[in-house]
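*Asks:* Using full-length UniProt numbering, you'd call the opening residue of the sequence shown number 1 and step up by one each time.
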Amino acid sequence: YFFSYSYPEKKKRQGPDQAEEHAEPVNLTRSIATLITGVVVIGALAEVMSKTVDLGLEGTGAPPVMTAILVAAISAAPEILTALRAALANRMQSVVNIALGASLSTVILTVPVMEAMAL
């Protein structure tokens, strides 16, 4: 059900003047460094935001779990909004991929970094 794709053929016509375009190879080290840097920065910003929200909610009488819900909602907003747009466009495979990717990135990347920062 989820894997029934039908893509139109993509043929690129090349004239005698056009040279073949070659994509540059992906630098694995740079990709990993970018990923780790992004996770650390987002984790640090979430930590700062949670402390700031705690101070802001201190006098309201809101339960402490409200901070965790707010930080989680803000940090997951891009995936949630992208999944909603895909669902409204009836692209269920994209919705499943986004949900699995978001869950996997949270479990594998974000949780260990947040635990390391808390130590």
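Each residue gets a CB set at the ideal place from its N, CA and C atoms; glycine is no exception.
So, with DSSP's three-state summary, where would you put Ser103?
*Replies:* Three-state DSSP puts Ser103 in a helix.
*Asks:* Would you kindly report the start and end of the unbroken alpha helix (DSSP H) that includes Ala62?
*Replies:* Ala62 -> no alpha helix (DSSP H), and no H or E assigned at all.
*Asks:* Tell whether a beta-carbon distance below 7 Å holds between Val40 and Val113.
*Replies:* Their beta carbons are under 7 Å apart, which means Val40 touches Val113 by this criterion.
*Asks:* Could you tell me which of Ala118, Asp54, Met117 and Thr34 sits nearest to Ala68, measuring between CA atoms?
*Replies:* Out of Ala118, Asp54, Met117 and Thr34, Asp54 has the C-alpha closest to the C-alpha of Ala68.
*Asks:* Under the three-state reduction of DSSP, which class applies to Val26: helix, strand or coil?
*Replies:* Here Val26 sits in coil by DSSP.
*Asks:* When we look at the beta-carbon of Gly43 and count the other beta-carbons within 10 Å, is it buried (16 or more) or exposed?
*Replies:* By the 10 Å Cβ count, Gly43 comes out buried.
*Asks:* Where do the N-terminal and C-terminal ends of the alpha helix (DSSP H) with Ala89 fall, by residue?
*Replies:* That residue, Ala89, is in no alpha helix (DSSP H); it is neither H nor E in DSSP.
*Asks:* Once the 5 residues before and after Thr82 are set aside, which same chain residues still bring their CB inside 7 Å of it?
*Replies:* For Thr82, where only same-chain residues beyond five positions count, the Cβ hits under 7 Å are Ile98.
*Asks:* Grouping DSSP H, G and I as helix and E and B as strand, with all else coil, what is Leu119?
*Replies:* Coil, per DSSP.
*Asks:* Nearest to Thr106 by CA position, among Asn27, Leu28, Ser31 and Gly38, is which residue?
*Replies:* Of Asn27, Leu28, Ser31 and Gly38, the residue nearest in Cα terms is Gly38.
*Asks:* To the nearest angstrom, how far is the alpha carbon of residue 126 from that of Thr34?
*Replies:* Nothing can be reported for residue 126, as the shown portion of the chain is limited to 1 through 119.
*Asks:* Compute the Euclidean distance between the alpha carbons of Ala87 and Ser103, then round it to the nearest angstrom.
*Replies:* Each residue's alpha carbon lies about 17 Å from the other.
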